[in-house]
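**Student:**
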Amino acid sequence: MREIGSDNLKAMLIAIAGRIADSRERLNRLDAALGDGDHGASISAAFEKTVAELARLPDPKPSEIWLTTARCLMNGMGGASGALFGTLFLKGVAPIQGKERLVKADFDELWAAGLAGVKARGKAEIGDKTMVDALQPAVLAFAANDNIAAAWPAAAEAASNGAESTRELIARQGRAKYLGERGIGHQDPGATTIALMFEALDSYWREMTNGKT
Amino acid sequence: MREIGSDNLKAMLIAIAGRIADSRERLNRLDAALGDGDHGASISAAFEKTVAELARLPDPKPSEIWLTTARCLMNGMGGASGALFGTLFLKGVAPIQGKERLVKADFDELWAAGLAGVKARGKAEIGDKTMVDALQPAVLAFAANDNIAAAWPAAAEAASNGAESTRELIARQGRAKYLGERGIGHQDPGATTIALMFEALDSYWREMTNGKT
Amino acid sequence: MSARAHKLINQPQNIVSEMLDGFCAAYGDIARLTDEGLVVRATPKAPGKVALVIGCGSGHEPAMIGWIGEGLFDVNIAGEIFTAPGPERILQGIKAADRGAGVLVCVSHHAGDLLNAELALELCELEGIANVDMVVLYDDISSAPKGREPERRGTAGLFFVWKMLGAFCEGDGDLAAAKALAEKVRDNTRSLAMSLSSCASPVTGQVMFEMPEDEMEIGMGLHGEMGMGRQKALSAGETIDLMLPPILEDLPFQAGDEVLVLLNNSGSLTLMELFILYKRVAEKLAEAGIRVYRSWIGPYATTQEMAGFALSLCRVDDELKALWDARANGAYMKQL
Amino acid sequence: MSARAHKLINQPQNIVSEMLDGFCAAYGDIARLTDEGLVVRATPKAPGKVALVIGCGSGHEPAMIGWIGEGLFDVNIAGEIFTAPGPERILQGIKAADRGAGVLVCVSHHAGDLLNAELALELCELEGIANVDMVVLYDDISSAPKGREPERRGTAGLFFVWKMLGAFCEGDGDLAAAKALAEKVRDNTRSLAMSLSSCASPVTGQVMFEMPEDEMEIGMGLHGEMGMGRQKALSAGETIDLMLPPILEDLPFQAGDEVLVLLNNSGSLTLMELFILYKRVAEKLAEAGIRVYRSWIGPYATTQEMAGFALSLCRVDDELKALWDARANGAYMKQL
Ligand SMILES: Nc1ncnc2c1ncn2[C@@H]1O[C@H](COP(=O)(O)OP(=O)(O)O)[C@@H](O)[C@H]1O
Ligand SMILES: Nc1ncnc2c1ncn2[C@@H]1O[C@H](COP(=O)(O)OP(=O)(O)O)[C@@H](O)[C@H]1O
Ligand SMILES: [Mg+2]
Ligand SMILES: [Mg+2]
Ligand SMILES: [Mg+2]
Ligand SMILES: [Mg+2]
Chain A
22 MREIGSDNLK AMLIAIAGRI ADSRERLNRL DAALGDGDHG ASISAAFEKT VAELARLPDP
82 KPSEIWLTTA RCLMNGMGGA SGALFGTLFL KGVAPIQGKE RLVKADFDEL WAAGLAGVKA
142 RGKAEIGDKT MVDALQPAVL AFAANDNIAA AWPAAAEAAS NGAESTRELI ARQGRAKYLG
202 ERGIGHQDPG ATTIALMFEA LDSYWREMTN GKT
Chain B
22 MREIGSDNLK AMLIAIAGRI ADSRERLNRL DAALGDGDHG ASISAAFEKT VAELARLPDP
82 KPSEIWLTTA RCLMNGMGGA SGALFGTLFL KGVAPIQGKE RLVKADFDEL WAAGLAGVKA
142 RGKAEIGDKT MVDALQPAVL AFAANDNIAA AWPAAAEAAS NGAESTRELI ARQGRAKYLG
202 ERGIGHQDPG ATTIALMFEA LDSYWREMTN GKT
Chain C
47 MSARAHKLIN QPQNIVSEML DGFCAAYGDI ARLTDEGLVV RATPKAPGKV ALVIGCGSGH
107 EPAMIGWIGE GLFDVNIAGE IFTAPGPERI LQGIKAADRG AGVLVCVSHH AGDLLNAELA
167 LELCELEGIA NVDMVVLYDD ISSAPKGREP ERRGTAGLFF VWKMLGAFCE GDGDLAAAKA
227 LAEKVRDNTR SLAMSLSSCA SPVTGQVMFE MPEDEMEIGM GLHGEMGMGR QKALSAGETI
287 DLMLPPILED LPFQAGDEVL VLLNNSGSLT LMELFILYKR VAEKLAEAGI RVYRSWIGPY
347 ATTQEMAGFA LSLCRVDDEL KALWDARANG AYMKQL
Chain D
47 MSARAHKLIN QPQNIVSEML DGFCAAYGDI ARLTDEGLVV RATPKAPGKV ALVIGCGSGH
107 EPAMIGWIGE GLFDVNIAGE IFTAPGPERI LQGIKAADRG AGVLVCVSHH AGDLLNAELA
167 LELCELEGIA NVDMVVLYDD ISSAPKGREP ERRGTAGLFF VWKMLGAFCE GDGDLAAAKA
227 LAEKVRDNTR SLAMSLSSCA SPVTGQVMFE MPEDEMEIGM GLHGEMGMGR QKALSAGETI
287 DLMLPPILED LPFQAGDEVL VLLNNSGSLT LMELFILYKR VAEKLAEAGI RVYRSWIGPY
347 ATTQEMAGFA LSLCRVDDEL KALWDARANG AYMKQL
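Protein chains in written order, with this note's numbering: chain A, 22 to 234; chain B, 22 to 234; chain C, 47 to 382; chain D, 47 to 382.
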């Protein structure tokens with residue numbers, strides 16, 4: 022499969038929403054250790070809302086799907102993380118504007134734009150113990166593979182390693198920064214969500230292509 | 022000694038003040054169990070003030086000594102207990118108005134008037150776990166002895182027994198009434214103060230008459 | 047458990063005087079501390095008007111220092127923590143307040159406040175000071191059953207009396223009329239309090255009483271006086287459903303009545319909780335056909351850092367509504 | 047330890063909406079809840095005046111719903127507990143506030159508030175809504191060193207900005223002038239907070255951080271953000287002696303300056319303690335030759351039941367004094 026249509030894109034978001042919903046309590050626990058304990062509740066609610074909104078769009082373009090997701094995350098979550106997860110999708114809208122079907126290069130652009138947007142808005146760099154620690158390696162690993170079938174698992178693995186790397190870091194952004202050294206030993210919830218997202222996309226892609234062959 | 026002049030009266034109040042000051046912490050502890058823990062602090066400060074005020078009066082009449090004590094207690098302590106301890110002395114002023122020296126009968130009247138005043142103002146009866154439980158038996162025992170030398174120890178003993186009797190009672194007046202049954206086992210601080218007052222008077226009387234003979 | 051042993055004070059014995067100094071320094075345009083330690087209006091009311099005096103124990107701030115000012119009290123005599131001031135200080139307050147038209151001494155019904163006010167009035171008689179009267183005020187339905195109202199304690203609901211009586215005494219009514227007005231508001235006011243926690247005495251640092259973390263008590267008094275007993279801590283809605291009906295039955299407040307509502311914060315409840323509680327009150331009153339004229343929510347008479355609240359209702363007619371809406375400018379009670 | 051796990055709420059997920067319902071039901075003459083969940087003035091300001099909008103996380107009540115009203119804000123967009131509202135809700139707020147002379151979005155500097163306001167302004171651009179601007183406000187000297195003021199957090203001292211900017215926007219100044227005024231007040235304001243206790247999240251019931259009973263922390267943020275470190279709990283006088291000098295040095299405030307003073311209650315401090323603290327502030331300022339124009343003491347921006355306070359100073363000139371004294375009628379901010 023070389024081209025991805027709106028139905029696949031919707032299904033990808035449904036897969037993400039499902040994975041996040043299953044991890045709700047785990048994400049809350051991670052955020053309880055480093056922040057205010059609401060990350061799982063708020064991001065799962067926002068993705069649930071996304072799925073419901075997508076179901077209401079009769080025949081959405083890829084860019085509409087991405088924009089709807091962005092809006093549901095920004096407005097459903099609120100806070101800095103809502104703005105940042107929202108931005109990840111919002112900045113992906115422009116590169117795919119007008120397109121009916123997406124190819125690997127579109128995804129490269131969409132993720133790169135999302136990553137750049139998140140970093141510009143949140144001012145976080147690698148090592149700051151934020152979602153960027155999972156997102157940036159994932160986006161780079163995805164781009165580094167020309168073959169889309171190999172890109173998804175590579176991205177998922179990079180995100181997962183990135184998320185795990187946050188455990189030993191001292192936060193320089195987000196609520197966790199006020200914990201200072203007391204945050205060491207806890208994995209960042211936002212980075213964990215990014216890892217879960219890419220794992221869900223990888224699984225979805227694997228199942229879909231298995232079904233196809 | 023049959024007649025008591027102002028110097029003796031002053032000395033009696035100094036004796037009371039000393040005894041109360043020595044018992045400050047004990048009275049605070051009793052009040053901490055049944056009330057707000059301030060009884061020792063507030064009554065000892067008020068008697069200290071009394072002694073200082075009395076020292077300032079050049080040649081006071083007995084009634085002035087009693088009135089000064091009343092005012093120092095009422096105004097120095099405040100609260101219900103200030104009003105009640107103040108009343109105990111205030112009501113004794115009228116019976117001794119104009120007198121230079123007091124005889125046993127004057128004390129009978131002065132204590133009776135004080136007791137009546139306290140009961141009228143505070144609405145407490147015997148058994149309500151208040152100062153009345155010590156004061157009423159003391160006043161009755163004092164009056165029951167024609168001999169003043171026998172009256173003081175009798176009053177002191179009655180007051181002390183009365184104070185101890187409060188231990189097993191449930192309070193029906195004062196802050197302790199809001200404790201209900203939880204107050205059982207604790208001796209009433211106000212009754213204890215009355216017992217200390219009569220003990221101090223008895224000791225004073227004993228020392229003075231010993232010195233005299 | 048919200049009791050907090052460490053308080054930001056200096057010497058415990060100076061709490062009240064330092065507090066009055068600080069208050070009057072901060073709000074010097076409204077209140078002034080006299081050499082006698084009385085809190086009086088920065089600008090006294092015009093001569094020829096009935097003056098209002100209240101003595102009371104400290105520890106309930108902003109009550110009552112926050113109620114000195116235009117449209118409110120003339121003089122407050124602050125006692126030690128939870129201890130009414132003695133009669134001679136009340137007498138000083140009466141003298142300081144007098145504007146030639148008599149002085150009404152307001153008593154929130156507690157033993158200490160009542161006994162000392164009585165003594166103060168006896169002193170007035172001795173000194174030949176005429177035209178002084180006192181009014182005894184109570185509102186707490188938990189402290190004595192219906193039919194024995196005068197035995198009840200004064201609590202947060204006297205808020206309504208203070209505001210309306212204060213407004214009345216800016217007008218030309220005489221002392222007897224002022225007292226009658228105070229009694230009218232009192233007789234239309236009912237309150238009930240609850241608490242989730244104890245608090246610590248600022249003087250001794252000791253917790254005033256023990257309170258398990260998952261329990262609450264209905265009917266607790268302003269000094270932690272025991273109420274109707276402990277029970278499992280409930281939700282906001284359940285709590286109101288438990289507290290509102292006995293208040294309504296007591297007066298009774300009935301369909302067609304118009305009321306003022308107060309939710310008084312005992313100390314450390316959050317406003318968020320009070321607004322959520324209020325929502326339920328408003329819904330239940332609407333169901334009962336009782337119209338809310340105005341509401342106030344906040345810390346008006348506190349018990350240190352106790353986590354609790356009192357719910358008070360006052361039935362109003364046109365006279366009382368006008369008095370309610372009249373201008374007031376105390377440091378902690380303002381009506382534009 | 048004042049953290050209290052049991053809060054008087056109903057369903058945690060409905061806290062904010064029930065709170066807004068209750069608040070607007072109680073103060074219907076001042077504020078109204080729109081169908082979109084915005085808190086707006088019951089009576090909008092006259093057309094042709096700059097409108098003021100603020101979005102912010104809930105849990106700090108009475109901030110900011112208590113500041114809607116005449117002489118204050120036009121619209122508040124309340125987020126979830128300690129969570130800024132998203133950009134589309136802010137956009138709704140901007141639209142609801144607009145009276146034809148532009149809208150100023152006020153941001154108390156925290157990541158969430160700032161990022162969402164930025165996004166909202168991007169949405170305005172997309173929709174072609176012109177004459178909207180934002181101003182970023184901060185005051186907490188503990189959150190970044192002198193010289194890096196724009197990195198500092200917004201805390202209780204923004205009180206001064208809200209009051210004076212609100213008064214300014216009742217006048218005829220334009221949007222740019224309003225923004226300049228807000229920056230002027232901000233640049234003359236400095237704050238420092240301290241806390242003796244933690245508090246519990248009303249959503250999860252969990253204590254936000256651990257705090258030993260005999261310690262205090264200087265510089266704690268409005269959400270419990272770590273400050274300059276823990277130390278043994280001090281007396282009131284010692285605490286002020288520790289906190290006031292760095293505030294004075296930071297601006298610096300100097301002899302001859304005239305200032306407004308705020309002592310903001312984080313939640314469960316008693317007013318008694320705040321008055322005692324204030325006494326020391328007043329004495330120290332007098333020693334430093336700094337004149338206090340007016341002071342306010344109370345819970346204006348809270349952090350649930352946290353036991354702490356913020357000390358804020360604002361240097362004023364004649365323009366600011368007049369704005370300070372101008373009439374205001376929010377439910378929790380009144381100036382006669
Ligand atoms: N400035 C930032 N840049 C990138 N990511 C951030 C930033 N601030 C916070 N985050 C991410 O947001 C996550 C917290 O999300 P969440 O709990 O939903 O938000 P909040 O802290 O507002 O409750 C953090 O784990 C972190 O990954
Ligand atoms: N109505 C009353 N009649 C008689 N004695 C009373 C009454 N109320 C209180 N007391 C006495 O006052 C004592 C408490 O005194 P104190 O602690 O000084 O006062 P407070 O309770 O105001 O702090 C009680 O132990 C009791 O003996
Ligand atoms: Mg969080
Ligand atoms: Mg006591
Ligand atoms: Mg006492
Ligand atoms: Mg959050």
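Virtual Cβ for every residue (Gly too), placed ideally from N, Cα, C. Predicted model, so just to flag it, every value in this text is computed and none were measured.
Output, in chain order, the set of chain C residues within a Cβ distance shorter than 7 Å of residue 139 of chain D.
**Tutor:** Counting from 1 along the fourth sequence, the entry for residue 139 of chain D is found at position 93. Residues of chain C passing the Cβ test: none, with the nearest at roughly 20 Å.
**Student:** Could you check what DSSP says for residue 56 of chain C in three-state terms: helix, strand or coil?
**Tutor:** Taking the third sequence and counting its residues from 1, one reaches residue 56 of chain C at position 10. Coil.
**Student:** With burial defined as no fewer than 16 other Cβ atoms inside 10 Å of the residue's Cβ, what is the status of residue 350 of chain D: buried or exposed?
**Tutor:** On the fourth sequence, position 304 is the one that residue 350 of chain D refers to. Burial call: buried.
**Student:** Would you say residue 95 of chain A reaches chain D, if we count a Cβ-Cβ gap shorter than 7 Å as a contact?
**Tutor:** What you label residue 95 of chain A is simply residue 74 of the first sequence in a count that begins at 1. Yes, contact with chain D.
**Student:** In three-state terms, what does DSSP make of residue 349 of chain C?
**Tutor:** For the purposes of this step, residue 349 of chain C is taken as residue 303 along the third sequence, with counting starting at 1. The answer is strand: DSSP assigns residue 349 of chain C an E or B state.
**Student:** On the premise that residue 181 of chain C lies in contact with residue 206 of chain C, defined as a C-beta separation below 8 Å, what is that separation, rounded to the nearest angstrom?
**Tutor:** Along the third sequence, one-based indexing puts residue 206 of chain C at 160. Along the third sequence, one-based indexing puts residue 181 of chain C at 135. Incorrect: roughly 14 Å between the Cβ atoms, too far for contact.
**Student:** If I measure Cβ to Cβ from residue 234 of chain B and keep anything under 7 Å in the same chain, skipping five residues before and after, which residues do I get?
**Tutor:** Start at 1 with the first residue of the second sequence, and residue 234 of chain B comes out as number 213. Reliability fails at residue 234 of chain B, whose pLDDT of 42 lies under 50, so the model's placement of it is uncertain and no value is given.
**Student:** Whose Cβ in chain C lies nearer than 9 Å to the Cβ of residue 200 of chain B?
**Tutor:** Counting from one through the second sequence, the residue named residue 200 of chain B turns up at place 179. The answer, in chain order, is 255 and 272.
**Student:** Counting Cβ pairs, one atom from each stretch, are 3 or more of them under 8 Å apart for the region 109-117 of chain C and the region 133-144 of chain C?
**Tutor:** Short answer: they don't touch.
**Student:** What residues in its chain sit with their C-beta under 6 Å from that of residue 251 of chain D, if we drop five residues either side in the sequence?
**Tutor:** As a position in the fourth sequence, residue 251 of chain D is number 205, starting the count at 1. So the list reads 51, once near-sequence residues are dropped.
**Student:** Could you confirm whether any beta carbon from chain C is found closer than 7 Å to the beta carbon of residue 100 of chain B?
**Tutor:** Residue numbering aside, residue 100 of chain B sits at position 79 when the second sequence is read from its first letter. Yes, contact with chain C.
**Student:** Who are the neighbours of residue 313 of chain D on chain A, taking C-beta pairs under 9 Å?
**Tutor:** Within the fourth sequence, residue 313 of chain D is the residue found at index 267, counting from 1. By Cβ distance, chain A contributes nothing, its closest Cβ being about 17 Å from residue 313 of chain D, past 9 Å.
**Student:** Any residues whose CB sits closer than 5 Å to a heavy atom of ligand 4? List them in chain order?
**Tutor:** Those residues are B:52, B:56, B:57, B:59 and B:60, given in chain order.
**Student:** For residue 131 of chain D, which residues in the same chain have their Cβ closer than 6 Å to its Cβ, ignoring the five residues on either side in sequence?
**Tutor:** On the fourth sequence, position 85 is the one that residue 131 of chain D refers to. Correct list, in chain order: 101, 123 and 125.
**Student:** Report back the beta-carbon spacing between residue 197 of chain A and residue 56 of chain A to the nearest angstrom; my notes put them in contact at under 8 Å.
**Tutor:** Looking up residue 197 of chain A in the first sequence gives position 176. Looking up residue 56 of chain A in the first sequence gives position 35. Right, their Cβ atoms sit about 6 Å apart.
**Student:** Beta carbon of residue 100 of chain B: closer than 6 Å to some heavy atom of ligand 5?
**Tutor:** Your numbering for residue 100 of chain B matches position 79 in the second sequence. Yes.
**Student:** Which residues in chain B have a C-beta closer than 8 Å to the C-beta of residue 252 of chain C? List them in chain order.
**Tutor:** What you label residue 252 of chain C is simply residue 206 of the third sequence in a count that begins at 1. What residue 252 of chain C touches in chain B: 53 and 58.
**Student:** Give, in chain order, every unbroken run of the alpha helix (DSSP H) that is at least 4 residues long and sits entirely within the region 275-321 of chain D.
**Tutor:** Entirely contained in the region 275-321 of chain D, the alpha helix (DSSP H) runs reaching 4 residues are, in chain order, 282-296.
**Student:** I want to see whether chain D comes within less than 7 Å of residue 103 of chain A, judged by CB atoms only; does it?
**Tutor:** As a first step, residue 103 of chain A must be located in the first sequence, where it is residue number 82. Yes, because at least one Cβ of chain D sits closer than 7 Å to the Cβ of residue 103 of chain A.
**Student:** Name the residues in the region 158-170 of chain C whose C-beta lies less than 7 Å from a C-beta of chain B; which are they?
**Tutor:** Cβ contacts with chain B come from 158, 161, 162 and 165.
**Student:** With 16 other CB atoms within 10 Å as the buried threshold, where does residue 73 of chain B fall?
**Tutor:** As a first step, residue 73 of chain B must be located in the second sequence, where it is residue number 52. By the neighbour-count rule (16 or more Cβ atoms within 10 Å), residue 73 of chain B is not buried but exposed.
**Student:** Quick check on DSSP: helix, strand or coil for residue 234 of chain A?
**Tutor:** Here the question's residue 234 of chain A lines up with position 213 in the first sequence. A caution first: residue 234 of chain A carries a pLDDT of 42, below 50, which makes its placement in the model unreliable, though a value can still be read off. Residue 234 of chain A falls in the coil class under three-state DSSP.
**Student:** Have a look at residue 80 of chain D and residue 137 of chain D and give me their C-alpha separation to the nearest angstrom.
**Tutor:** Position 34 of the fourth sequence, counted from the first residue, corresponds to residue 80 of chain D. Position 91 of the fourth sequence, counted from the first residue, corresponds to residue 137 of chain D. Residue 80 of chain D and residue 137 of chain D: Cα-Cα distance of roughly 14 Å.
**Student:** May I ask you to check if the CB of residue 210 of chain B is nearer than 6 Å to at least one heavy atom of ligand 2?
**Tutor:** Walking along the second sequence from the start, residue 210 of chain B turns up at place 189. Checking the Cβ of residue 210 of chain B against ligand 2 gives yes.
**Student:** For a contact defined as C-beta to C-beta under 7 Å, what are the partners of residue 92 of chain A on chain D?
**Tutor:** To locate residue 92 of chain A, count along the first sequence from 1; it is residue 71. Correct list: 134.
**Student:** List the residues that DSSP assigns as beta-bridge partners of residue 375 of chain D.
**Tutor:** Along the fourth sequence, read from residue 1 onward, the residue named residue 375 of chain D stands at position 329. Looking at the DSSP assignment, residue 375 of chain D forms a beta bridge with D:116 and D:380.
**Student:** Are residue 323 of chain C and residue 54 of chain D closer than 7 Å when you measure CB to CB?
**Tutor:** Within the third sequence, the letter at position 277 stands for residue 323 of chain C. Within the fourth sequence, the letter at position 8 stands for residue 54 of chain D. For residue 323 of chain C and residue 54 of chain D, yes; Cβs fall inside 7 Å.
**Student:** Would you say the beta carbon of residue 129 of chain C comes nearer than 6 Å to a heavy atom of ligand 5?
**Tutor:** Mapped onto the third sequence, residue 129 of chain C falls at position 83. It does: the Cβ of residue 129 of chain C is within 6 Å (strictly closer) of some heavy atom of ligand 5.
**Student:** If the cut-off is 8 Å on Cβ atoms, which residues from the region 140-153 of chain A count as contacting chain D, listed in chain order?
**Tutor:** Those residues of the region 140-153 of chain A that come within reach of chain D (Cβ to Cβ, closer than 8 Å) are 142 and 143.
**Student:** Anything in chain D within Cβ reach of residue 282 of chain C, meaning under 9 Å, just list it in chain order.
**Tutor:** Numbered from its first residue, the third sequence carries residue 282 of chain C at position 236. Going along chain D in sequence order, the residues near residue 282 of chain C (Cβ under 9 Å) are 53, 54, 55, 56 and 64.
**Student:** Contact check, residue 355 of chain C vs residue 311 of chain C under 8 Å by CB: the rounded distance?
**Tutor:** Within the third sequence, the letter at position 309 stands for residue 355 of chain C. Within the third sequence, the letter at position 265 stands for residue 311 of chain C. The pair is a contact, with the Cβ atoms about 6 Å apart (cut-off 8 Å).
**Student:** At 8 Å on the CB atoms, spell out the chain D contacts of residue 323 of chain C, in chain order.
**Tutor:** As a first step, residue 323 of chain C must be located in the third sequence, where it is residue number 277. Those are 54 and 68, listed as they occur along chain D.
**Student:** By Cβ distance, which residues of its chain are closer than 8 Å to residue 89 of chain B, with the 5 residues on each side in sequence left out?
**Tutor:** Indexing the second sequence from 1 puts residue 89 of chain B at position 68. Same-chain partners within the cutoff: 71, 74, 75, 78 and 81.
**Student:** Would the C-beta of residue 143 of chain B count as close to ligand 2, meaning under 6 Å from any of its heavy atoms?
**Tutor:** Position 122 of the second sequence holds residue 143 of chain B. Because some heavy atom of ligand 2 lies under 6 Å away, the Cβ of residue 143 of chain B counts as near it: yes.
**Student:** My output table needs one value for residue 103 of chain D: the three-state DSSP class, helix, strand or coil.
**Tutor:** On the fourth sequence, position 57 is the one that residue 103 of chain D refers to. Three-state DSSP puts residue 103 of chain D in a strand.
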